[in-house]
Every structure is written in C-alpha cells, then in structure tokens.
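Note that my numbering has the sequence shown beginning at 1, numbered continuously upward.
Built from N, CA and C at the ideal position, the CB exists for glycine as well.
All values reported here derive from a predicted model rather than from experimental measurement.
Working notes for the structure below.
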Amino acid sequence: MKTRLIRVDPLHPEAGAIAEAAALVRQGQLVAFPTETVYGLGTNALDAAAVRRIFEAKGRPANDPLIVHLAGAEWLSRVVASVPPEVGILATRFWPGPLTLILPRNAAVPSEVTAGLPTVAVRVPAHPVALALLRASDLPIAAPSANRFGGVSPTTAEHVWQDLAGRIACILDAGPTPIGVESTVLDLSTRPPRILRPGGTPREALEAVLGPVAVWEGASGGGAQPSPGLLAKHYAPRARLILVLGGEAEALTARVVDIARTLSAQGERVGVLLTDEDARRVEAQLPGVSLLALGSQTDLTEIARNLYAALRQLDAQGITAIVTRDFGSHGLGLAIRDRLRRAASEVVTLSPEP
Ligand code: TXA
Ligand code: MG
C-alpha cells in the first residue's frame, strides 16, 4: 500500500486535506493524525473490519482495547450506554484534552474495539486537526498510538512514517504534538475513581474536581489487571533502558553517571537522558556518551514533550544502552515515571521507592 503524507496547518487545517482524510475514515481505511498527546492511528470505530485493520497494521494483540475519540461530549451517546454523574463536570473541565474515561459501552461498539470488555474508553482530543477530522467524518474514531506495538509512541509524522509507511493509507502531518505523552486513563467504576494509566492530565487536577483519586499500581500492586494493554513491557526503545529511581535528584543523577561510565568503559554505546541542569553539571564526566537534555527540571511538561523523540533519536544513533532517572511524581512526573518504568529493562532503586 502506498501511504500518502499530507501536510496540514496545525491550527487551521486545510478543508481539502481534512475532507480527503475523512473520506478514508468513512471507507474504513487507516489514517494517522495528530492529537495533543501523540499521533493516533484511526478509523471508523463502528466498523469491525476497519478496526481489525488497526490491529494488523500495528501488530497489536487483539486483547488490548482501543480509545474511541469523539468530537465532543454530545457524541457520548453514540458509543456509551449510560453516563455516570461525574462525567458532566469532568467533560466541562477537561475536554477537549488528554483525559480518557472508561464508561459502559453500548451495542453500536464492535467488540474488536473493547477487546470484549463491557466498557469503552472515550476521549475528546484537544487538537484542531483531530477535531476537524472527527467532525468531517462524522464518526467516532478508534485510535491507538500510531506506532508498531510495544514501541515508543510517535510525536511527529516522521515517527509514524518510520513505523507504518506502506501499512496505512494516509498520515496527516501537523508537526510535533504539544504534550508528548498519552492521555490519562481514568476508571470511574470504582470508589475512589482510579487512574489506570497516568498521562497528560495530572492526578492533582483530577483530585481538585473529584476528591481523592487512586492510581492503579500495576502488577506489583497485586490487584487484578483491569485491562490487558496496561501490563506488558511497553513504550520501549530498541536499546535496553536502565532507570534509576528512589532518591533525591542529585543522588539519582550521580548514579546515572556512574552506570553510564561503567557501561561505556565496557564498550557499550551509551545514551543518557537528564534535565538541562543535570546535563550541564555532568557533561564533562561523560566523554563519548550521547547525553541528551530533555528540558528544565522546573518544567516537567517540557521533559514529557521531548521524551519520546529523545528515545527514538538514541535508537537511530545505534545506542545499545540508555541510562536515565526518575523525575518525581508531581504533575506530568507520574506519567513520565510510568513510561520509563515500562520501557526499562532494568530498574535501579536507591532507597525504598518514593
Ligand atoms: O493520548 C492517547 O491516549 C493516545 C491518543 C492517540 O489518543 N492514544 C493511546 O492509545 O495512547 P493506546 O491504544 O496506545 O492506549 C490505550 C490505553 C491502553 O492502556 C488500554 O489498555 C486502555 O487505554 N484502555 C482502552 N480501553 C479500555 C477499557 N475498556 N478498560 C480499561 N482500559 C482501557
Ligand atoms: Mg500505545
């Protein structure tokens, strides 16, 4: 299949380009498009055969359910059976935006979308291109991140091209995505509500509206797994990634430097990811190491925005080992920690976990 790459203006997408992509969605073809978080790989969420194409193109196992994207909360009734009372305030406060809600599905949603679960994941993306595509196709769009399964999510159209060219009909290229990590997935069926995947909407922002919100701790937390897609090693670069956590920033950074120097001395091609401030401080100690600065330690949104592109850049350089540290749990820190943990082949814990 020949993949078309169509450039669109991120703020004022051209109507012709959107109409072309929307026609493909209506035909059940696969269209990669930008959201505010990462690029998605979308098609008609109500067409089972179309949805199966997503799983084929990504090499994604069928037991990993998809997020359905809507143009607004007024589309909820197209895919959801009943709407719990908190949804009104959450939608007003956070949509469009990086918040995915797990709600009871209705009969219009093929079981391919939900991996047979009685619930469906829904969100309204805050990107003019995604919203224009949803409105022009007038269909709910099922879309996972537009990468091969298990790999690093794409934050640019080039990333999508590297992973999926020849396997999908079209890529809408609107430049880099502004948030850079995926949406927060929130389950409202439990008391308190529970974050299944930390993401672009911080826990603190949800708690300001809902009161206490739990965070599902993963397999190590002991509880049953709420969704298959949440467990497997995921978001991983080709290089093995070593994550240092459980201590103050300075101690973590010192250990990162230690490990990087040791591996480098053993002949490995080593990449290191740190904050701008860390990087300036330790640069001279890391000759021959690819040191990338992700952003200021005072701005976790910048670190989140740059993280996936940095992982892909180190892979492209042929790095064999990436060493990085935890950046705390405030705001987007929790999402960054979650992705690094799942990308990691090895976690080095300095003191009992934070
Ligand atoms: O920001 C995002 O969420 C991006 C953009 C494209 O919207 N999408 C994305 O999709 O990250 P994906 O497929 O890579 O991740 C979907 C997550 C998975 O962790 C999946 O297990 C969870 O949502 N999920 C989907 N349906 C679910 C359900 N019914 N119950 C629990 N978790 C569900
Ligand atoms: Mg994904």
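Would you say L334 touches the ligand TXA, meaning its beta carbon is less than 7 Å from a heavy atom? Counting from 1 along the sequence shown, the entry for residue 334 is found at position 334. Shortest gap from the CB of L334 to any heavy atom of the ligand TXA: 7 Å or more.
Is T37 near the ligand TXA, with its Cβ less than 7 Å from a heavy atom? Start at 1 with the first residue of the sequence shown, and residue 37 comes out as number 37. In this structure, the ligand TXA has a non-hydrogen atom nearer than 7 Å to the beta-carbon of T37.
Scan the stretch 163–206 and note each continuous beta strand (DSSP E) run of 3 residues or more that stays entirely inside, going in chain order. Taken in chain order, the complete beta strand (DSSP E) segments of 3 residues or longer contained in the stretch 163–206 are 170–173, 184–187, 194–197.
As assigned by DSSP and simplified to three states, the class of G116: Residue numbering aside, residue 116 sits at position 116 when the sequence shown is read from its first letter. It is coil, neither helix nor strand.
Give the C-beta separation of A146 and V160 to the nearest angstrom, bearing in mind that I take them to be a contact with Cβ-Cβ under 8 Å. Working through the sequence shown from its first residue, we reach residue 146 at position 146. Working through the sequence shown from its first residue, we reach residue 160 at position 160. Yes, A146 and V160 are in contact; Cβ-Cβ is about 5 Å, under 8 Å.
Taking the alpha carbon of E182 as the point to measure from, which residue in G116, N44, N306, A249 has its own alpha carbon closest? Mapped onto the sequence shown, residue 182 falls at position 182. It is N306.
For R123 versus L103, is the C-beta distance shorter than 8 Å? One-based indexing of the sequence shown puts residue 123 at position 123. One-based indexing of the sequence shown puts residue 103 at position 103. With respect to the 8 Å criterion, R123 and L103 are not classified as neighbours on the basis of their beta carbons.
Closer than 7 Å: S183 CB and nearest the ligand ADP heavy atom: This structure simply doesn't include the ligand ADP; it includes the ligand TXA and the ligand MG instead.
Could you compute how far the alpha carbon of P154 sits from the alpha carbon of P85? By one-based count along the sequence shown, residue 154 stands at place 154. By one-based count along the sequence shown, residue 85 stands at place 85. The alpha-carbon atoms of P154 and P85 are separated by roughly 34 Å.
Please look up how many angstroms separate the CB atoms of L186 and I179, rounded, as I've assumed it's under 8 Å. For this step, residue 186 is matched to residue 186 along the sequence shown. For this step, residue 179 is matched to residue 179 along the sequence shown. Incorrect: roughly 16 Å between the Cβ atoms, too far for contact.
Candidates T114, W75, I171: closest to V25 by CA position: Residue numbering aside, residue 25 sits at position 25 when the sequence shown is read from its first letter. When T114, W75, I171 are compared, the shortest CA-CA separation from V25 is found for I171.
Residues sharing a beta bridge with L101, DSSP: In the sequence shown, residue 101 corresponds to position 101, counting from 1. V122, L186, per the DSSP bridge assignment.
Cβ distance (whole Å) where L340 is taken to contact T320 below 8 Å: Sequence index remark: in the sequence shown, residue 340 carries index 340 (1-based). Sequence index remark: in the sequence shown, residue 320 carries index 320 (1-based). That pair is no contact at about 18 Å.
CB contact flag (V31, G42, <8 Å): In the sequence shown, counting from the first residue as 1, residue 31 sits at position 31. In the sequence shown, counting from the first residue as 1, residue 42 sits at position 42. Judged by beta-carbon spacing, G42 lies within the 8 Å limit of V31, meaning their Cβ atoms are closer than that value.
Distance, P212 Cα to P192 Cα: Here residue 192 refers to the residue found at position 192 when the sequence shown is read from its first residue. Here residue 212 refers to the residue found at position 212 when the sequence shown is read from its first residue. If I take the Cα positions, the gap works out to 6 Å.
What are the partner residues of I242, as DSSP defines its beta bridges? Mapped onto the sequence shown, residue 242 falls at position 242. DSSP, once it has assigned bridges, lists V323, E346 as partnering I242.
So, helix, strand or coil for H234, using DSSP? Reading the sequence shown from its first residue, position 234 is the one you call residue 234. In the displayed model, H234 falls within coil according to three-state DSSP, outside both helix and strand.
Compute every distance between the C-beta of P144 and the non-hydrogen atoms of the ligand MG, then say whether any falls below 7 Å. Taking the first residue of the sequence shown as position 1, residue 144 is located at position 144. In terms of side-chain proximity, the C-beta atom of P144 is found nearer than 7 Å to a non-hydrogen atom of the ligand MG.
Would a C-beta distance cut-off of 8 Å place L292 and G271 closer than the cut-off? Taking the first residue of the sequence shown as 1, we reach residue 292 at position 292. Taking the first residue of the sequence shown as 1, we reach residue 271 at position 271. Yes, they are a contact pair.
What residue does the beta strand (DSSP E) around L139 start on, and which one ends it? In the sequence shown, residue 139 corresponds to position 139, counting from 1. Looking at the DSSP string, L139 is not in any beta strand (DSSP E), and its letter there is neither H nor E.
Would you give the residue range spanned by the beta strand (DSSP E) that S290 belongs to? One-based indexing of the sequence shown puts residue 290 at position 290. Its beta strand (DSSP E) spans residues 290–293.
Start-to-end residues for the alpha helix (DSSP H) that takes in V68: Translated into positions along the sequence shown, residue 68 becomes position 68. In the DSSP annotation of this structure, V68 is not part of any alpha helix (DSSP H); the continuous beta strand (DSSP E) holding it starts and ends at 67–69.
Please determine whether the Cβ atom of D276 lies at a distance below 7 Å from any heavy atom of the ligand TXA. For this step, residue 276 is matched to residue 276 along the sequence shown. Result no, Cβ not under 7 Å from the ligand TXA.
Going by Cα to Cα distance, which pick from S137, P140, L66 is closest to P118? Position 118 of the sequence shown, counted from the first residue, corresponds to residue 118. Comparing Cα positions, the closest option is L66.
Whole runs of the beta strand (DSSP E) within the stretch 9–63, excluding any shorter than 3 residues: Listed in chain order, they are 31–34, 39–44.
In or out: I259 buried (at least 16 other Cβ within 10 Å) or exposed? To locate residue 259, count along the sequence shown from 1; it is residue 259. Looking at its Cβ environment, which holds 16 or more other Cβ atoms inside 10 Å, I259 is buried.
Contact belief for P13 with A132 at Cβ below 8 Å, rounded distance in angstroms: By one-based count along the sequence shown, residue 13 stands at place 13. By one-based count along the sequence shown, residue 132 stands at place 132. 5 Å between Cβ atoms; contact.
Among Q29, D64, A108, L11, the one whose alpha carbon lies nearest that of R4: In the sequence shown, residue 4 corresponds to position 4, counting from 1. The option with the nearest alpha carbon to R4 is Q29.
Any heavy atom of the ligand MG closer than 7 Å to the beta-carbon of S153? Indexing the sequence shown from 1 puts residue 153 at position 153. Within the cutoff, so yes.
From what residue to what residue does the alpha helix (DSSP H) around L314 run? For the purposes of this step, residue 314 is taken as the residue at position 314 of the sequence shown. Note, L314: alpha helix (DSSP H), 300–316.
Just tell me which of D163, I303, V289 has its CA closest to the CA of E56. As a first step, residue 56 must be located in the sequence shown, where it is residue number 56. Comparing Cα positions, the closest option is D163.
From the DSSP secondary-structure annotation, give me the bridge partner or partners of L273. Reading the sequence shown from its first residue, position 273 is the one you call residue 273. According to DSSP, L273 bridges with L292, T324.
DSSP state of S77, grouped into three classes? Within the sequence shown, numbered from 1, the residue matching residue 77 stands at position 77. Here S77 carries a helix assignment [DSSP, helix/strand/coil].
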